[in-house]
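Residue numbering for the sequence shown follows my numbering, beginning at 4 and increasing consecutively. Glycine is no exception: its CB is placed at the ideal position from the N, C-alpha and C atoms. Structure first, commentary second.
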Amino acid sequence: MIEKRALGEWMEVLASKAPVPGGGGASALGGALGAALGQMVVNLTVGKKRYASVEEEMQLRLVELKKLQEELLGLADQDAEVFAPLAEAYGLPAETEEQKAEKARIMEERLLAASLVPLQMMEKASEVLDILAELEKKGSRMAISDVGVAVQFARAALLGAVMNVYINTKSMKNREKAGELNRRAQKLTMTGTQKADEIYSQVLERLGGGNP
């Protein structure tokens with residue numbers, strides 16, 4: 004579990020030749036970092052007289068972001084857990100027709116499982132972005148740049164995870180199911196990146212956009 008392992012150790016394994024963690028786990032971690040930064044923004048907002056009118060809402064957002072952080076970290080672990088059985092399935096014997104049919108059945112099951120995990124990452128990253136959109140409007144002005152950083156982490160999680168959907172659906176024999184998953188991923192990508200870019204543009208505008 005990432006939360007039970009020093010981040011430095013996890014990064015060392017990520018950098019190694021080990022098959023997991025990989026891009027999927029890194030995507031989930033990015034989303035979790037976005038959720039954590041969102042919590043920081045909330046914590047800098049609550050208890051301040053200036054933001055008293057949104058105190059109750061901010062407390063709710065804090066709970067939601069903490070839950071999303073935990074779920075994304077859990078998905079990083081799940082991504083590793085579904086990869087091992089899939090990798091194993093590629094090595095199953097396929098000499099007889101019976102073996103070929105059994106291998107095809109197992110491959111299909113495991114490709115589906117390996118597609119659903121990054122799809123869930125995308126859904127959670129999108130939820131993080133929804134909350135960050137509110138924080139950009141109502142959170143502490145002192146932490147507006149942190150909202151922008153959080154947005155980029157969530158956006159990267161979204162675009163990283165979608166590739167892990169596609170690499171698995173590409174090998175599925177059930178093209179109808181693969182198409183369904185791809186369409187869900189495409190919709191999440193389109194709506195999520197659009198929202199992320201809108202929030203980030205608002206953040207830059209509040210920061211002066213880097214203009215002299």
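- Query: With burial defined as no fewer than 16 other Cβ atoms inside 10 Å of the residue's Cβ, what is the status of Lys20: buried or exposed?
  - Reply: If you number the sequence shown from 1, residue 20 lands on position 17. So Lys20 ends up on the exposed side.
- Buried versus exposed call for Gln72 [16 or more other C-beta atoms within 10 Å across all chains shown]: Mapped onto the sequence shown, residue 72 falls at position 69. When all chains shown are included, Gln72 counts as buried.
- Message: Would Gly41 and Leu135 qualify as a contact pair, given that the criterion is a beta-carbon distance under 8 angstroms?
- Response: Within the sequence shown, residue 41 is the residue found at index 38, counting from 1. Within the sequence shown, residue 135 is the residue found at index 132, counting from 1. Yes, Cβ-Cβ distance for Gly41 and Leu135 is below 8 angstroms.
- Query: Looking at the structure shown, is Gly151 part of a helix, part of a strand, or coil, going by DSSP?
  - Reply: Sequence index remark: in the sequence shown, residue 151 carries index 148 (1-based). Correct three-state label for Gly151: helix.
- Quick one, which of Ser174, Ala128, Lys140 has its alpha-carbon nearest Ala39's? Within the sequence shown, the letter at position 36 stands for residue 39. Of the listed residues, the one whose Cα sits closest to Ala39 is Ala128.
- Message: Please state whether the Cβ-Cβ distance between Lys180 and Leu115 is less than 8 angstroms.
- Response: Looking up residue 180 in the sequence shown gives position 177. Looking up residue 115 in the sequence shown gives position 112. Yes; because the gap between Cβ atoms is below 8 angstroms, this pair is in contact.
- Item | Contacting residues, own chain, Cβ-Cβ under 6 angstroms from Ala79 (five flanking each side not counted) | Indexing the sequence shown from 1 puts residue 79 at position 76. Excluding positions up to five away in sequence, the list reads Ile5, Gly28, Ala31, Leu32.
- Task: For the alpha helix (DSSP H) holding Gly11, just list the boundary residues, first then last.
- Result: Taking the sequence shown and counting its residues from 1, one reaches residue 11 at position 8. Looking at the DSSP string, the run of the alpha helix (DSSP H) that includes Gly11 is 10 to 18.
- Query: Are there 16 or more other CB atoms within 10 angstroms of the CB of Leu63, so buried, or fewer, so exposed?
  - Reply: Here residue 63 refers to the residue found at position 60 of the sequence shown. Label assigned to Leu63: exposed.
- Could you tell me whether the stretch 7 to 17 touches the stretch 49 to 67, where touching means 3 or more Cβ pairs closer than 8 angstroms? no
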